[in-house]
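**Q**
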Amino acid sequence: MNRTRASGRTVGGLRTLSLQAPAVTLLLLWMIVPLGMTVWFSFQRYNLLMPEMTGFAGLENYEYLLTDPALWKAMANTLLLVGWVLVITVVGGTLLAVLFQQEFAGRGIARVLAISPFFVMPTVSALVWKNMMMHPSNGVLAWLSQSLGLPVVDWFSALPLTSIIIIVSWQWLPFALLILLTAMQSLDEDQVEAARMDGAGPLAIFFFITLPHLKRAISVVIMIEMIFLLTIFAEIFVTTSGGPGLATTNLAYLIYIQALLDFDVGMASAGGA
12 MNRTRASGRT VGGLRTLSLQ APAVTLLLLW MIVPLGMTVW FSFQRYNLLM PEMTGFAGLE
72 NYEYLLTDPA LWKAMANTLL LVGWVLVITV VGGTLLAVLF QQEFAGRGIA RVLAISPFFV
132 MPTVSALVWK NMMMHPSNGV LAWLSQSLGL PVVDWFSALP LTSIIIIVSW QWLPFALLIL
192 LTAMQSLDED QVEAARMDGA GPLAIFFFIT LPHLKRAISV VIMIEMIFLL TIFAEIFVTT
252 SGGPGLATTN LAYLIYIQAL LDFDVGMASA GGA
């Protein structure tokens, strides 16, 4: 009997593996082939503007890249962008999740409106902020500044990286809110009521019950956002084109410059690897 069950489990496991194998193989090829090509080209002299310059370059591309000041500026901008957006979205998403968990009139509509910016394409979002919100002459922020008697700020010239951080945070705050608000739904209300009966105030409940409950959800938000924030491109391309100078150039945009403006495939591959 035990042998029959064991053989049945073995056959079932093999059948499951045979069904999963094509999908897993396709995913591995989907990742390994581009990665392998990137590593290969990073060791080659390959510039589309100079087709005669070919051959094995060794570590030449990496040496040039590591001594290029643009790389370190792009890395600093990338870290600042990712760090500030994570802080804004996680803190803001947590506070909004707590707010939208409360009962108030129009809560359903407010939730939909708060989450809706996440479904706007990055290019469209950047155009809206560039031409409608942050425009120094006709933007909403310029109108508010003039109404309050404050000097108008040319955001993309005076505060370029801050402008990108605001735009990207506006896009990703709804994602954090959605994940954290979903996690809030499973919070044990009996535990909260017991804490209130014991004399715990709103701050104590937030720090000792709500935040520990949201710990895993916050980790998920940080992990997923980091994957996408490291490759932010459209918002920079549409608004500042990496400028002024290198003020908003991140790693993704630097690779774009090397690959599609300088046509230096070898250097761009070294940056991507």
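Under our numbering, read the sequence shown as residues 12 to 284, first letter to last.
Cβ coordinates follow ideal geometry from the N, Cα and C atoms, glycine included.
#1: Quick check: what's the CA-CA separation for THR105 versus SER148?
#2: Secondary structure at GLN202, three-state DSSP: helix, strand or coil?
#3: Which of the three DSSP states, helix, strand or coil, is assigned to PHE130?
#4: TRP95 lies in the alpha helix (DSSP H); which residues open and close that run?
#5: Could you check which residue in ILE43, SER127, GLN182 has the C-alpha nearest to that of TRP140?
#6: If contact is defined by three or more beta carbon pairs under 8 Å, each pair taking one atom from either stretch, is the stretch 119-131 in contact with the stretch 156-165?
#7: Ordered along the chain, which non-local residues of its own chain (more than five positions away) have a Cβ less than 6 Å from that of ILE270?
#8: What are the start and end residues of the alpha helix (DSSP H) that includes THR250?
#9: If you draw a straight line from the C-alpha of ASN261 to the C-alpha of GLY210, how long is it?
#10: First and last residue of the alpha helix (DSSP H) that includes PRO213?
#11: Taking the straight line between their C-alpha atoms, what separation do you get for LEU172 and ASP199?
#12: Among all the DSSP beta bridges, which residues are the ones paired with ASP275?
#13: Just checking my contact of PRO133 with ALA245 at CB under 8 Å: how many whole Å lie between their CB atoms?
#14: Candidates LEU225, LEU170, PHE129, PHE218: which alpha carbon is nearest LEU184's?
#15: From ALA68 to TYR75, what distance separates their C-alpha atoms?
#16: Please report the distance separating the alpha-carbon of VAL50 from that of TYR57.
#17: Using a threshold of 8 Å, state whether the C-beta atoms of PHE52 and VAL276 are closer than that.
#18: Hey, how far is the Cα of ILE43 from the Cα of THR89?
#19: So, at 8 Å on beta carbons, what are the nonlocal neighbours of ALA215 in its own chain, with the 5 sequence-adjacent residues on each side left out?
#20: Apart from the five residues on each side of it in sequence, which residues of its chain come closer than 7 Å, Cβ to Cβ, to ALA137?
#21: Identify which residue in GLY47, ARG26, ALA85 has its Cα closest to the Cα of LEU265.
**A** Inspection of the coordinates gives the following:
#1: Rounded to the nearest angstrom, the two C-alpha atoms are 35 Å apart.
#2: Here GLN202 sits in helix by DSSP.
#3: Under the three-state reduction of DSSP, PHE130 is assigned to helix.
#4: Counting along the chain, the alpha helix (DSSP H) containing TRP95 begins and ends at 80-112.
#5: When each option's Cα is compared against that of TRP140, the closest is GLN182.
#6: The stretch 156-165 vs the stretch 119-131: no contact.
#7: The displayed chain sequence assigns Ala, not Ile, to residue 270. Excluding sequence neighbours, ALA270 sits near ALA279.
#8: From DSSP, the alpha helix (DSSP H) with THR250 extends over 245-250.
#9: About 49 Å.
#10: Note, PRO213: alpha helix (DSSP H), 213-216.
#11: One C-alpha to the other measures close to 41 Å.
#12: Its beta-bridge partners are ASN58.
#13: Confirmed, Cβ separation roughly 4 Å.
#14: Nearest of LEU225, LEU170, PHE129, PHE218 to LEU184, Cα basis: PHE129.
#15: Distance between the alpha carbons of ALA68 and TYR75: 11 Å.
#16: Answer to the nearest angstrom: the Cα atoms are 13 Å apart.
#17: Taking 8 Å as the Cβ cut-off, PHE52 and VAL276 qualify as a contacting pair.
#18: Going by the C-alpha atoms only, they are around 25 Å apart.
#19: ALA206, listed in sequence order.
#20: Once the five neighbours on either side are set aside, the close Cβ partners of ALA137 are ILE178, ALA245, GLU246, VAL249, THR250.
#21: Among GLY47, ARG26, ALA85, the Cα nearest to that of LEU265 is on ALA85.
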